[in-house]
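Have a look at the structure below, then the notes.
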Amino acid sequence: MISRFNAEIGTATLTAGLGLAAVVGALEFGIGWGDAGPEPGAFPFYIGLLVVAASIGNLVQATAGRRGLQSVFLHKEEAKRVASFFVPMLAFVVVARLLGLYVATALYLAFVMRVQGQYRLAISIASGIAAAVIFYFVLEVAFQVPLMKGPLEAALGLY
Amino acid sequence: MENFASLLHGFGVALTTYHVMLMMVGVLLGILVGVLPGLGAPNGVSLLLPLTFTMDPVAAIILLTSMYWGALFGGSTTSILFNIPGEPSSVATTFDGYPMARQGQATQALTLAFLSAGFGALVGVILITVLSTWVAKFALRFSSPEYFAVYFLAFASFIGLGAASPFKTIVSMGLGFAFASVGMDTVSGGLRLTYGFNELLSGISFLIAVIGLFGIGELMLTMEEGLRFDGIRARVRIGDVFRTIATLPRYWVTLLRSSIIGCWMGITPGGPTAASFMSYGLAKRLSRRKEGFGQGEPEGVVAPETADHAAGSSAILPMLALGVPGSATAAVMMGGLMIWGLNPGPMLFVERPDFVWGLIASMYLGNIVAVLMVLATIPLFASILRIPFAIIGPVIVVVCFIGAYTVAGRPFDLWLALAFGVVGYLFKKLDYPIAPLVLAMVLGDKAEDAFRQSMIMSRGSLSIFWSNGLVATLMLIGLALAFGPLLSTALGRLVKPKASSAVA
Numbered sequence: 005m006i007s008r009f010n011a012e013i014g015t016a017t018l019t020a021g022l023g024l025a026a027v028v029g030a031l032e033f034g035i036g037w038g039d040a041g042p043e044p045g046a047f048p049f050y051i052g053l054l055v056v057a058a059s060i061g062n063l064v065q066a067t068a069g070r071r072g073l074q075s076v077f078l079h080k081e082e083a084k085r086v087a088s089f090f091v092p093m094l095a096f097v098v099v100a101r102l103l104g105l106y107v108a109t110a111l112y113l114a115f116v117m118r119v120q121g122q123y124r125l126a127i128s129i130a131s132g133i134a135a136a137v138i139f140y141f142v143l144e145v146a147f148q149v150p151l152m153k154g155p156l157e158a159a160l161g162l163y
Numbered sequence: 040m041e042n043f044a045s046l047l048h049g050f051g052v053a054l055t056t057y058h059v060m061l062m063m064v065g066v067l068l069g070i071l072v073g074v075l076p077g078l079g080a081p082n083g084v085s086l087l088l089p090l091t092f093t094m095d096p097v098a099a100i101i102l103l104t105s106m107y108w109g110a111l112f113g114g115s116t117t118s119i120l121f122n123i124p125g126e127p128s129s130v131a132t133t134f135d136g137y138p139m140a141r142q143g144q145a146t147q148a149l150t151l152a153f154l155s156a157g158f159g160a161l162v163g164v165i166l167i168t169v170l171s172t173w174v175a176k177f178a179l180r181f182s183s184p185e186y187f188a189v190y191f192l193a194f195a196s197f198i199g200l201g202a203a204s205p206f207k208t209i210v211s212m213g214l215g216f217a218f219a220s221v222g223m224d225t226v227s228g229g230l231r232l233t234y235g236f237n238e239l240l241s242g243i244s245f246l247i248a249v250i251g252l253f254g255i256g257e258l259m260l261t262m263e264e265g266l267r268f269d270g271i272r273a274r275v276r277i278g279d280v281f282r283t284i285a286t287l288p289r290y291w292v293t294l295l296r297s298s299i300i301g302c303w304m305g306i307t308p309g310g311p312t313a314a315s316f317m318s319y320g321l322a323k324r325l326s327r328r329k330e331g332f333g334q335g336e337p338e339g340v341v342a343p344e345t346a347d348h349a350a351g352s353s354a355i356l357p358m359l360a361l362g363v364p365g366s367a368t369a370a371v372m373m374g375g376l377m378i379w380g381l382n383p384g385p386m387l388f389v390e391r392p393d394f395v396w397g398l399i400a401s402m403y404l405g406n407i408v409a410v411l412m413v414l415a416t417i418p419l420f421a422s423i424l425r426i427p428f429a430i431i432g433p434v435i436v437v438v439c440f441i442g443a444y445t446v447a448g449r450p451f452d453l454w455l456a457l458a459f460g461v462v463g464y465l466f467k468k469l470d471y472p473i474a475p476l477v478l479a480m481v482l483g484d485k486a487e488d489a490f491r492q493s494m495i496m497s498r499g500s501l502s503i504f505w506s507n508g509l510v511a512t513l514m515l516i517g518l519a520l521a522f523g524p525l526l527s528t529a530l531g532r533l534v535k536p537k538a539s540s541a542v543a
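As they're listed, the protein sequences go chains A and B.
Quick note, this note's numbering runs 4 ahead of the 1-based positions in the first sequence.
Quick note, this note's numbering runs 39 ahead of the 1-based positions in the second sequence.
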């Protein structure tokens, strides 16, 4: 169980980190005055500083109002639901990188329908494949937009 | 009258069978993304944008704006029938729309919502017709410092007028600028902030950010809440529609007031969401039937809907005439204009009058098409929400990732979209506003260029932002907007130290 206070602190630390990354990255390109006006790093540098400053503002605000932020940010039940959505989505991206977007789409849809929707295996697999085929025709044939493909498409000669 | 002639010319451009067909397709797609959770107007436009790269700009913008109208209508539909706002800007419609539908007045609520929305949009478009040339002519006098001041004004109004904590708005905005500066530096042509990753050489596309923040983030939030649709079956009966139309003039005060609020919030980047809440709040405060609000008061549907659509359409005005979009969706469309090789801003009116007036004329037609289509197809779209989420959810996820891939055909963008999704989820849960981030990503390069060119003009002195009346006025308004609410709260506390701090 995560409290709202912890979530606020965590997010503010994350944004401060991103701001700091911009500051450090910008230093490499010069933040002063060059031959053609301000050097390339100047704008990101000050923007980074602004983000860090505002993040610190958020940290201070969260700490000062700590008592009001003790409400629960994420219940165990909610965390479970988010994870059950997020983990297959993560797997989808990994599979898409390895096997292409069409195969990943079919597998992902079939998996979610079977496991979360409790549909029969045959129906789930058929729907997954049908969706991938529909996407193929809409994108590659109708709009001529190529998607990332993998070994299966290569084997079928769909290039 | 010059505008009127241009508008007639615009109708000549827009009124072709092909364009009207595109409007219908756009509206249908828009209603679809508006109805589906996780797919809203900014996201839908982002997903469709890569498919328009090869189209003629006039046809492409007609398709995208029609989708925008459709999405606004779709969002109100789910608010009324399912108590689930399909768009953040239709949250206020749920307050009275859903109670009305539960009392068996679904047809009345829907008809009122669509008609008042159509009215609001029309007022917005008329405003654009009347003002755009004037604003564009005025803006022709702008040089770099003035442009930077206008961008400053836009972001200052987010800080001042937004409901979120000012620090959170600044963080969101700053991150947007930081993301925009990754990759090629438009002034020197050199690369920066790539941290040695080849994938970052071509920068971070704002489209990926929108798909992640609005699409995937929203879906994660929907999943967390555990999706439950308690839909109300609605069949639109023609008789009821006409009876409701006859009651509309009764609400003329609300219609006018809400249109004005909407137009104001649309032109200044307050956005449709803020406009609809403000309009609802004012309608409630000024109504003679205060106690009816929240229990199915028709005025409570009319007010937010009118303001929402007035803001949605008038947000196009600053985008076209100044190159500063008034809402997240307008920001995405402006990004599209730049991808098609058009440069939004006053010069667009000089260089491409056919495009500008074709677009404005299509906004009149598109809204009429949208009202008719939405009345005809609502039962169909309402039934989409009865498909189990175990099917609809993953399909939306797949559409989002496919959309992210089609932006540039880069596998790395899939990871970026996922990362933005997590950020969007966190930001939404913690009340960080997302629109400033998107706006900053679209405007980042332009704002930075304007700033650097101003600095070159003044040899590094910030005083250039006070150097003439125009730029000084813009900066002062910006500062007043950014710090105004803070000052008025502080003053209020000084004057009345014992009063509670319940300042809206």
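Glycine included, each C-beta is placed from N, C-alpha and C at the ideal position.
Note that the structure is a prediction, hence the values are computed from the model and not measured.
For this session: Just the chain B side, please: which residues come within less than 9 Å of Glu12 (chain A) by C-beta, in chain order?
Result: By 1-based counting over the first sequence, the position of residue 12 (chain A) is 8. Simply Leu469.
Exercise. When burial is assigned at 16 or more other CB atoms within 10 Å of the CB, is Ile127 (chain A) buried or exposed?
Worked result: Translated into the one-based positions of the first sequence, residue 127 (chain A) becomes position 123. Residue environment analysis places Ile127 (chain A) among the exposed positions, since fewer than 16 neighbouring C-beta atoms fall within 10 angstroms of its C-beta.
Exercise. For Pro472 (chain B), is the classification buried or exposed, using 16 other Cβ atoms within 10 angstroms of its Cβ as the cut-off for buried?
Worked result: What you label residue 472 (chain B) is simply residue 433 of the second sequence in a count that begins at 1. With 16 or more other Cβ atoms within 10 Å, it is buried.
Exercise. Going along the chain, which residues of its own chain have a beta-carbon closer than 6 Å to the beta-carbon of Lys468 (chain B), five neighbours each way excluded?
Worked result: Taking the first residue of the second sequence as 1, we reach residue 468 (chain B) at position 429. No residues qualify anywhere along the chain.
Exercise. What does a CB cutoff of less than 6 Å around Val174 (chain B) pick up in its chain, not counting 5 residues either side in sequence?
Worked result: As a working note, residue 174 (chain B) is residue 135 in the second sequence. Contacts found: Ala360.
Problem set entry | Member of B:Gly242, B:Thr307, B:Thr116 whose CA lies at the smallest distance from the CA of Leu192 (chain B) | Along the second sequence, read from residue 1 onward, the residue named residue 192 (chain B) stands at position 153. Per the C-alpha coordinates, the member of B:Gly242, B:Thr307, B:Thr116 positioned closest to Leu192 (chain B) is B:Thr307.
For this session: Answer with yes or no whether the minimum CB distance from Leu103 (chain A) to chain B is below 9 Å.
Result: As a first step, residue 103 (chain A) is located in the first sequence; it is residue number 99 there, counting from the start. For Leu103 (chain A), the answer is no, since every Cβ of chain B falls outside 9 Å of its Cβ.
For this session: Could I get the ranges of all uninterrupted alpha helix (DSSP H) runs contained in the stretch 400-462 of chain B, with 4 residues as the minimum, in chain order?
Result: If we require 4 residues or more, the alpha helix (DSSP H) runs fully inside the stretch 400-462 of chain B come out as 428-447.
Problem set entry | Bridge partners - Arg231 (chain B), DSSP secondary structure assignment | Working through the second sequence from its first residue, we reach residue 231 (chain B) at position 192. Beta-bridge partners of Arg231 (chain B) (DSSP): B:Gly222.
Exercise. Is Phe440 (chain B) close to chain E, meaning its C-beta is less than 9 Å from at least one C-beta of that chain?
Worked result: As a matter of chain content, chain E is missing from the structure shown, whose protein chains are A and B.
For this session: Can you pull the chain B residues whose beta carbon is under 7 Å from the beta carbon of Thr109 (chain A), in chain order?
Result: Position 105 of the first sequence, counting from 1, holds the residue named residue 109 (chain A). Within chain B, the residues near Thr109 (chain A) are Val437.
Exercise. Nearest chain A C-beta to Ser105 (chain B) closer than 9 Å, yes or no?
Worked result: Working through the second sequence from its first residue, we reach residue 105 (chain B) at position 66. Judged by the 9 Å Cβ criterion, Ser105 (chain B) is not in contact with chain A.
Exercise. Assuming Leu46 (chain B) and Thr172 (chain B) make a contact with CB atoms under 8 Å, what is their CB distance in whole Å?
Worked result: Sequence index remark: in the second sequence, residue 46 (chain B) carries index 7 (1-based). Sequence index remark: in the second sequence, residue 172 (chain B) carries index 133 (1-based). With 8 Å as the limit, Leu46 (chain B) and Thr172 (chain B) do not qualify as a contact, their Cβ atoms being about 10 Å apart.
For this session: Return the residues of the stretch 44-58 of chain A that lie within a Cβ-Cβ distance of less than 7 Å from chain B, sorted by chain order.
Result: From the stretch 44-58 of chain A, only Pro44, Gly45, Phe47, Pro48, Ile51, Gly52, Leu54, Val55, Ala58 have a Cβ closer than 7 Å to chain B.
Exercise. What is the rounded straight-line gap between the Cα of Gly21 (chain A) and the Cα of Gly14 (chain A)?
Worked result: Against the first sequence, residue 21 (chain A) aligns to sequence position 17. Against the first sequence, residue 14 (chain A) aligns to sequence position 10. Rounded to the nearest whole angstrom, the C-alpha separation of Gly21 (chain A) and Gly14 (chain A) is 11 Å.
Exercise. So, using beta-carbon positions, are Val461 (chain B) and Ser155 (chain B) closer together than 9 Å?
Worked result: Numbered from its first residue, the second sequence carries residue 461 (chain B) at position 422. Numbered from its first residue, the second sequence carries residue 155 (chain B) at position 116. Taking the C-beta atoms as reference points, Ser155 (chain B) is found no nearer than 9 Å to Val461 (chain B).
Exercise. At a CB-CB cut-off below 9 Å, which residues of chain B make contact with Val116 (chain A)?
Worked result: Counting from 1 along the first sequence, the entry for residue 116 (chain A) is found at position 112. In chain order: Ala429, Ile430, Gly432, Pro433, Val436.
Exercise. Of all the alpha helix (DSSP H) runs that stay within the bounds of the stretch 62-136 of chain A, which reach a length of 4 or more residues?
Worked result: Within the stretch 62-136 of chain A, the complete alpha helix (DSSP H) runs of at least 4 residues are 80-103, 105-119.
Exercise. Just curious, the alpha helix (DSSP H) that Ala40 (chain A) is in, first and last residue?
Worked result: Here residue 40 (chain A) refers to the residue found at position 36 of the first sequence. First-last for Ala40 (chain A): undefined, no H or E at that position.
For this session: Could you tell me which chain B residues have their CB closer than 9 Å to the CB of Phe141 (chain A), listed as they occur along the chain?
Result: Locating residue 141 (chain A) in the first sequence gives position 137, counting from the first residue. At a C-beta separation below 9 Å, Phe141 (chain A) has no neighbours in chain B, since its nearest C-beta there lies roughly 13 Å away.
Problem set entry | Of the listed residues B:Leu88, B:Pro96, B:Ala152, nearest to Thr116 (chain B) (C-alpha basis) | Residue numbering aside, residue 116 (chain B) sits at position 77 when the second sequence is read from its first letter. For Thr116 (chain B), the nearest C-alpha among the options comes from B:Ala152.
Exercise. Would Ser75 (chain A) count as contacting chain B if we go by Cβ distances under 9 Å?
Worked result: Here residue 75 (chain A) refers to the residue found at position 71 of the first sequence. Judged by the 9 Å Cβ criterion, Ser75 (chain A) is not in contact with chain B.
Exercise. If you run the structure through DSSP and keep just helix, strand and coil, what is Ile300 (chain B)?
Worked result: Locating residue 300 (chain B) in the second sequence gives position 261, counting from the first residue. Ile300 (chain B): helix per DSSP, three-state reduction.
Exercise. How would you list, in chain order, the residues of chain A whose beta-carbon sits under 7 Å from the beta-carbon of Gly213 (chain B)?
Worked result: Counting from one through the second sequence, the residue named residue 213 (chain B) turns up at place 174. Under the 7 Å cutoff, chain A gives Gly23, Ile51, Leu54, Val55, Ala58.
Exercise. On the three-pair Cβ rule with 8 Å, is the stretch 96-104 of chain A touching the stretch 48-67 of chain A?
Worked result: Output reads no: the stretch 48-67 of chain A does not touch the stretch 96-104 of chain A.
For this session: Select from B:Glu126, B:Ile243, B:Val395, B:Thr416 the residue whose C-alpha is nearest the C-alpha of Met63 (chain B).
Result: The residue given as residue 63 (chain B) occupies position 24 in the second sequence. B:Thr416 is the residue among B:Glu126, B:Ile243, B:Val395, B:Thr416 whose C-alpha sits nearest the C-alpha of Met63 (chain B).
Exercise. Within this structure, are the beta carbons of Gly351 (chain B) and Met358 (chain B) separated by less than 9 Å?
Worked result: Here the question's residue 351 (chain B) lines up with position 312 in the second sequence. Here the question's residue 358 (chain B) lines up with position 319 in the second sequence. The beta carbons of Gly351 (chain B) and Met358 (chain B) sit no closer together than 9 Å.
For this session: Using three-state DSSP, classify Ser241 (chain B) as helix, strand or coil.
Result: As a first step, residue 241 (chain B) must be located in the second sequence, where it is residue number 202. It is coil, neither helix nor strand.
Exercise. So with Cβ pairs under 9 Å, would you call Leu162 (chain A) a contact of chain B?
Worked result: Taking the first residue of the first sequence as 1, we reach residue 162 (chain A) at position 158. No, Leu162 (chain A) does not count as interfacial toward chain B.
For this session: Run down chain B in chain order and give the residues with a C-beta less than 8 Å from the C-beta of Phe147 (chain A).
Result: Counting from 1 along the first sequence, the entry for residue 147 (chain A) is found at position 143. Simply Leu90.
Exercise. Just the Cα atoms here: how many angstroms apart are Val119 (chain A) and Asn82 (chain B)?
Worked result: Within the first sequence, numbered from 1, the residue matching residue 119 (chain A) stands at position 115. Within the second sequence, numbered from 1, the residue matching residue 82 (chain B) stands at position 43. Looking at the two C-alpha atoms, the distance is approximately 28 Å.
Problem set entry | Length of the line joining the Cα atoms of Ser59 (chain A) and Val52 (chain B) | Counting from 1 along the first sequence, the entry for residue 59 (chain A) is found at position 55. Counting from 1 along the second sequence, the entry for residue 52 (chain B) is found at position 13. Going by the C-alpha atoms only, they are around 49 Å apart.
For this session: Say whether chain A places a C-beta atom closer than 9 Å to the C-beta of Tyr186 (chain B).
Result: Here residue 186 (chain B) refers to the residue found at position 147 of the second sequence. By this cut-off, Tyr186 (chain B) is not an interface position.
Problem set entry | Candidates B:Val72, B:Val97, B:Tyr137, of which the one nearest Phe394 (chain B) by Cα | Position 355 of the second sequence, counted from the start, is the residue given in the question as residue 394 (chain B). For Phe394 (chain B), the nearest C-alpha among the options comes from B:Val97.
Problem set entry | Residues that Val86 (chain A) contacts on chain B, provided the C-beta gap is smaller than 9 Å | Numbered from 1 along the first sequence, position 82 holds the residue referred to as residue 86 (chain A). Correct list: Met259, Leu260, Met262, Glu263, Tyr464.
Problem set entry | Alpha-carbon spacing of Ala543 (chain B) relative to Arg391 (chain B), whole angstroms | What you label residue 543 (chain B) is simply residue 504 of the second sequence in a count that begins at 1. What you label residue 391 (chain B) is simply residue 352 of the second sequence in a count that begins at 1. Because the pLDDT of Ala543 (chain B) is 37, which lies under 50, any placement of that residue in the model is unreliable, and the question is left without a value.
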